[in-house]
Every structure is written in C-alpha cells, then in structure tokens.
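4 protein chains.
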Amino acid sequence: MQDIPMAPPEWQVSEWLNTATPPTLAGLRGQVVVVHAFQMLCPGCVAHGLPQARRIAQVFAGRDVAVLGLHTVFEHHAVMTPAALRVFLQEYRITFPVGIDRPGDPGPLPCTMQAYGLEGTPTLLVFDRSGQLCLRQLGQLDDMAVGGLIGELLALPA
Amino acid sequence: MQDIPMAPPEWQVSEWLNTATPPTLAGLRGQVVVVHAFQMLCPGCVAHGLPQARRIAQVFAGRDVAVLGLHTVFEHHAVMTPAALRVFLQEYRITFPVGIDRPGDPGPLPCTMQAYGLEGTPTLLVFDRSGQLCLRQLGQLDDMAVGGLIGELLALPA
Amino acid sequence: MQDIPMAPPEWQVSEWLNTATPPTLAGLRGQVVVVHAFQMLCPGCVAHGLPQARRIAQVFAGRDVAVLGLHTVFEHHAVMTPAALRVFLQEYRITFPVGIDRPGDPGPLPCTMQAYGLEGTPTLLVFDRSGQLCLRQLGQLDDMAVGGLIGELLALPA
Amino acid sequence: MQDIPMAPPEWQVSEWLNTATPPTLAGLRGQVVVVHAFQMLCPGCVAHGLPQARRIAQVFAGRDVAVLGLHTVFEHHAVMTPAALRVFLQEYRITFPVGIDRPGDPGPLPCTMQAYGLEGTPTLLVFDRSGQLCLRQLGQLDDMAVGGLIGELLALPA
C-alpha cells in the first residue's frame, strides 16, 4: 500500500443515510473504522461486500469498531441516485450509516473514490484507532482475514 | 391453485429487453414456459430467484423450454424504472428476455401481476406445452423440485 | 454412454442397511430408480452426493422414485467396514436403503462397481421405469439437471 | 467460562499425526494456539469445524498461530480408530497436526476432553500467548468472530 497517503483525507459525502450525525474520520479517532465502498447495482457488493459489512457490525457490536458504507457511484449515475439508494438500503435492511460519495467534477469518479485511489467496487477500507489507513482491498477478502485484522487493530493502542 | 384462471391471460408488457421479438404465451405454445416475476431491488429475487432462472435456462438449453423474466414493479416505482432495470440486467449479466409488466391504472400493482393474482416477488410461473398454468409459487422453491416439474412437463405432449 | 450395458445387471450387495427387504432392480421395475454410489470417507460424496440423494428422496417422496445408496468401497477397505458405515449413516441421518457393494475377488473394486464400469465416487446412476440405465455420472451434477431428468423419466411410461 | 481451569492442563495425546514433533501447550508458549476438537464421523465437524480450522491455518500462516486438531472420540470408538483417522485426514487433505486424545479409563470420554470439560464436538479451544484458555466454544462460531479473537490475541504481548 505504498501509494496510500500517510494521512488519509477526510471522506467527502454529499448526504448521509441511516444517521443523524455525519461521521468524520477525525471524529472517529480512537475507533477502528471499516468503510465498505460499494455501488447498489454491483453484484459483488450485494452478494459479498455488504453482507460482510453487516457481519462486521454484528460481531464487533459493543466494541470500538465503526462500520460505514460509502456509495461510490462511478458508472450509471442516472439510476443509482440517492432516492434509489434509499430504497435499496431499506429493502436490504442495511442499518449502518451510509454516505453518498460526492459526485466528481467533472466525474465520472466521485471525490472520495478519487482521493483514495479506489479502482472499483467492492473495496474495503480499514483504518486503525489513530486514523491511519491499514487496508484498501478491492474485491473479496474472506471473513477470517477481515476479522483477524480488525481484532489486531482493536488490541493496539490509538 | 384453485383460483388460477383455467385459460391464463396473455401477459401485458410495456417493453421487452434482451429480445427483438416480444414473446407471447400463445406464440410459445408447444414449449414449457418459465416466467420469473421479480423486482430488481427485491433481495430474494436477486439472491435466489434470478440465479435459479439462469440455471433453468442453462440446464434446459436446446430443449423446448422458454425462460422469461417479468419485472413486476409494485412498490418504489420511481426508482425501479426501465432505465434502472436495463443497467441491472447488464450488471447481473442476465441474457434471457425480460418484460416490464405494464403499470397498472390506477396501480400500484402492474397489470399482469393483477391478472395472475401474484402476491409478491419472487414468484415463479410455469406453463405446460399447451399453455396451462401449472405452478404459481411465491418465494423459494428448490432446484430439485423446479427441475423435476420442468422435466415432467417436457415429457408430456402438448 | 455407449459402453453401458443395454440390460444393466442386478447389483450385488453383501448387506442392506436401513431396509428389511433387499431392493432389486427387477423388483423396482415400474419406478424411476436413483442409486448414489459413494464411499463414506469420500469428501465429494459427503459434501455433495449424499445431501443431493437426500433431497431427491424428499422432493420425490410419494412419487414412483426409489432412492438407494450403494457403498462401493474400492480403497481403504480396512476402515470403511460395515460397522463403520452403520455409524456413518446414523450420524448423518441417512434413512434411505444403503447396500454394501459385494467385495471383489480379487478386488480392490467391488462387484457392482466393476459390472457397471464405475470409475470412482460419487457416481449417480439413474434407471427409467423399464430398468434401463439412463445416467451414469461421475462427480457433481447440479440439482436442476438431476431433477429434470427424474421428472422426465417419471412422465414416461414403463 | 468461569469453570475453565486458570492454568489449563497439558493435553494428553496417545499419538500425533501430521507431525514428527509432538506439540505441547508449554512448548507453544508465545504463540496463539487454536485447537479444534473433533470426531471424524461428526457431521458438524466435517462440514464446519475442520474447514474453519483449515482457513485459520491458511489466513494466519507465517504468524504466531498454531493450529492443531484433537480427535476426541467419545462414542463409536470401535470405528473411529487411529487407522480410520489416518485415512480421513488423507482424504480430506488435512495437513495440520492432529493428536488422538488418550482414551479414558474407564471411558467413554477421552482424557483431554474430560480434563477440559468438553461437552461434545466440534469444540474450538483458543489459548493466548501465555497459555491461558480464552475460548472454549461448542458448536459453530462464525469466521468473523474467530478471526477477530485470534487477531486480538496476536496483538497482545505474551
């Protein structure tokens, strides 16, 4: 991960769903932060990534772990709208906070996706308690490995 | 299935995707016809029904079996639009013909869904070679049972 | 399947478990007969073949379908004994009849396995109502295809 | 886990497979130790526990994690013999060390199973770097939770 910025930038979100208080990377300092970057019409996100994010939230409930979704729309913008995402989250019963990555200007990549150099969806981002980025994984990573990383980061001081 | 019309009505479709020639129940006489009624944002359809429909199409390829999708939008009409469905089919690589059930007037149920008394999605409809409706199943039915029914209907004369 | 005998031979079984009356191919004339040839320490049999045989028995219960297991031990004879098989069937709650393929002389292939030219486990054998062998499949075959075949054979006269 | 001995006893093993040097709890001090207690004819062990143990070994390869199997035969002793276990490990391609829990006198529970108060199989035991028992879980525990625990223990000093 030599090309990941040492001090990862704040995410840029145009709207948060499932939460009244917009989470920030700075505000979550002290917690392990897991961000699942997805698109609602990406099959790998729906079949693998989002269920995994839900399991992370369940297994580490009550621990210092924040699980967030980030809707990084980089294609088919016309149909993966905020309104469509809202229905999607409701139908799939996703209850953790989901931010909509701010559309890029000129696009098509949204801002946070660009800033973090994400190459597609699903991508899993994991930050340690001090806010450093420890994992940026495109595609599938199995639960044992993800759980192991989160466990290690939980045990380390901020 | 005592409440299923003896002579099932033609489906009412406002637009067909994945096919240049709109299939009709009458035109498919002589074949076993499998219709998977779904909504693109219905988790059970995405996880179970559509993959099963794809397996039906694969296993019975080259046989007298027609597999069709029917997008029966009865909720969240504003986001499950034809444009969104088109992206969905592309992303999920669904290649069999999919019809968009004609919006109801007044709604919210679309026309074919109403005519067949469908109670939700996913629903599997199976017609025999003579066009009679043999199965109208809401929810999941396992592959062994679905395969068995299609096999039996294939072996029966029209 | 050009090398399958036109009139398949009776199976040769040294002992039947889960049944008081030894089933014979001749005696099952009129029914579709499914034989799952397996070894109790064969991972593919345990993970795939036996659960599939159980689903066949469940889905086609009450129909003219006979589901049988055949323990075709061709390796590790010293540990895959009748006593071990009995425990295995109990632990895995397999309730359909299971025959122990008669040990070969000289071996190592047991008699029915030799007579049918089986090349390993799991192998699925399917006979039609007239006792003809219609399928001899080594390895995995998915439920949709197996169900389809059984359905077709059920619909055909003996 | 109030009834787990503070200083867990050494396991009592009559024979080790897959290793030339019998591992001991004392000798593994400094590592996280995962012991999967199983029986070769226990369906839950075969379907869930052993594949999970294999994933632990794969994901944490190169780290301070020792994965061991313990064959805790408490029923059907006559057929779950060392010879049968040897075939089982070969067929299932299990390559981590597996110890055979010393038969109890009078039995039927083997010695380590008794000493640790295990109530059945599969049971997962996890020890921290200092040799303390941190988990004794009967039945299934999902990968995210197991991975999380191992990760945490890895990050803690001995």
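Chains as they are written, first to last, in our numbering: chain L, 454 to 611; chain E, 454 to 611; chain Y, 454 to 611; chain H, 454 to 611. Beta carbons are placed, not taken as given, at the ideal position from N, Cα and C, and that holds for glycine.
Taking 8 Å as the CB threshold, His489 of chain E stays off the interface with chain L. Note that the C-beta distance between Ile553 of chain E and His524 of chain E is below 8 Å. Taking the Cα of Gly560 of chain Y as reference, the smallest distance to any Cα among Y:Val579, Y:Gly584, Y:Gln543 and Y:Ala531 is reached at Y:Ala531. Residue environment for Asp558 of chain E: exposed (fewer than 16 other C-beta atoms within 10 angstroms of its C-beta). Contact of Phe580 of chain H with chain L is not assigned, every C-beta pair being separated by 8 Å or more. Contact with chain H is found for Leu494 of chain Y, since one of that chain's Cβ atoms lies less than 8 Å from the residue's Cβ. By the criterion of a C-beta distance shorter than 7 Å, Gln567 of chain Y is surrounded in its chain by Gly557, once the five residues flanking it on both sides are discounted. Here the alpha carbon of Leu521 of chain E sits roughly 26 Å from the alpha carbon of His501 of chain L.
A check of alpha carbon separations from Gln465 of chain E across E:Gly515, E:Val526 and E:Gln505 identifies E:Val526 as the nearest.
Leu588 of chain E: member of the beta strand (DSSP E) spanning Leu586 to Leu591, first to last residue.
Ala519 of chain E sits buried, since 16 or more C-beta atoms from the chains shown fall within 10 Å of its C-beta. Take Pro461 of chain E, set aside five residues on each side of it, and the residues of its chain with a beta-carbon closer than 6 Å to its own are Leu586, in chain order. DSSP places Ala608 of chain H inside the alpha helix (DSSP H), whose first and last residues are Asp596 to Ala608. In terms of beta-carbon proximity, Arg507 of chain Y stays away from the interface with chain E, with every pair separated by 8 Å or more. Around the beta carbon of Pro550 of chain H, 16 or more other beta carbons lie within 10 angstroms, which makes this residue buried. Going by DSSP, Thr576 of chain E is part of no alpha helix (DSSP H) but of the beta strand (DSSP E) stretching over Thr576 to Phe580. Boundaries of the beta strand (DSSP E) around Val551 of chain L: Val551 to Asp554.
Contacts with chain Y (Cβ-Cβ distance below 8 Å) from the region 568-601 of chain E involve Asp595, Asp596, Met597, Ala598, Val599, Gly600 and Gly601, listed in chain order.
Around the beta-carbon of Pro575 of chain Y, 16 or more other beta-carbon atoms lie within 10 Å, marking it buried. If only complete runs of 4 or more residues are kept, the region 498-524 of chain E shows the alpha helix (DSSP H) at 503-512, in order along the chain. Around the beta carbon of Ala510 of chain L, 16 or more other beta carbons lie within 10 angstroms, which makes this residue buried.
In this structure, the alpha-carbon of Gln492 of chain E lies about 17 Å from that of Thr534 of chain L.
The continuous stretches of beta strand (DSSP E) do not include Phe527 of chain E, and DSSP gives it neither H nor E. Contact between Ala537 of chain H and Ala536 of chain Y is ruled out by a C-beta separation of about 11 Å, above the 8 Å threshold.
Neighbours of His530 of chain L across chain E, judged by C-beta separation under 9 Å, do not exist; the nearest C-beta is about 10 Å away.
For the region 539-552 of chain E, the beta-carbon criterion of a distance under 9 Å to any beta-carbon of chain L is satisfied by Arg539, Val540, Phe541, Gln543, Glu544, Tyr545 and Arg546. Using a Cβ-Cβ cut-off of 8 Å, Val512 of chain L is close to Asp595, Met597, Ala598 and Gly601 of chain H, given in chain order. Secondary structure note for Glu544 of chain H: it is in no beta strand (DSSP E), and the uninterrupted alpha helix (DSSP H) holding it is Pro535 to Glu544. When the alpha-carbon of Arg582 of chain H is set against those of H:Asp517, H:Leu588, H:Gly570 and H:Ala506, the nearest one is in H:Asp517.
Cβ-Cβ distances below 7 Å link Phe513 of chain L to Ile603 in the same chain, with the five nearest sequence neighbours on each side left out; the list follows chain order. In the displayed model, Ala460 of chain H falls within coil according to three-state DSSP, outside both helix and strand.
Counted as a single uninterrupted DSSP element, the beta strand (DSSP E) harbouring Ala490 of chain H occupies residues Val485 to Phe491. In this structure, Ala506 of chain L places its C-beta atom within 8 Å of the C-beta atom of Val487 of chain L. With distances taken between CA atoms, Glu463 of chain Y lies nearest to Y:Thr565 out of Y:Thr565, Y:Val499 and Y:Arg546. Not a single CB atom of chain L sits nearer than 8 Å to the CB of Glu463 of chain H.
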